[in-house]
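K.L.:
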Amino acid sequence: MHTCRNCNQSFQTELALELHRDSCKKSQLCCHVCGDRFREGDATRDGWHYECPNDDCDGNGLQEDIFNVGDVRTATQ
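The sequence shown: position 35 = 34 (numbering that gives the first Met the number 0), numbered continuously.
(1) Compute the Euclidean distance between the alpha carbons of residue 39 and residue 29, then round it to the nearest angstrom.
(2) Provide the residue span of the beta strand (DSSP E) that contains residue 28, from first to last.
(3) Quick check: what's the CA-CA separation for residue 55 versus residue 32?
(4) Measuring alpha carbon to alpha carbon, tell me which residue in 58, 6, 34, 35 is nearest residue 22.
(5) Pop quiz: residue 51 and residue 35 are said to be a contact at Cβ under 8 Å. What is the actual Cβ separation, rounded to whole angstroms?
(6) According to DSSP, simplified to helix, strand and coil, what is residue 36?
(7) Output the distance between the C-alpha atoms of residue 64 and residue 49, rounded to the nearest integer angstrom.
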């Protein structure tokens, strides 16, 4: 079994999981370096190493520069 780490949905094959990652509603990521939002599938090829897909940005690393949108809280003044 292969399970999506974002929504906990399980799939029989790794291919099915990879296809799901591109459309998972809970897999939206945000780069703290440039501020762009993007899908998880755009930021990783192997599911372990993450880089911002923006060509002008050097943000990388899940939980370093790249975070799940749901984990990011907006600050108000």
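Even glycine gets a Cβ: it sits at the ideal position worked out from N, Cα and C.
Predicted, not measured: the structure shown is a model, and the values here were computed from it.
P.N.:
To lay it out plainly:
(1) 9 Å
(2) Per DSSP, residue 28 belongs to the beta strand (DSSP E) from 27-30.
(3) 10 Å
(4) Considering only alpha carbons, the answer is 6.
(5) 7 Å
(6) strand
(7) 9 Å
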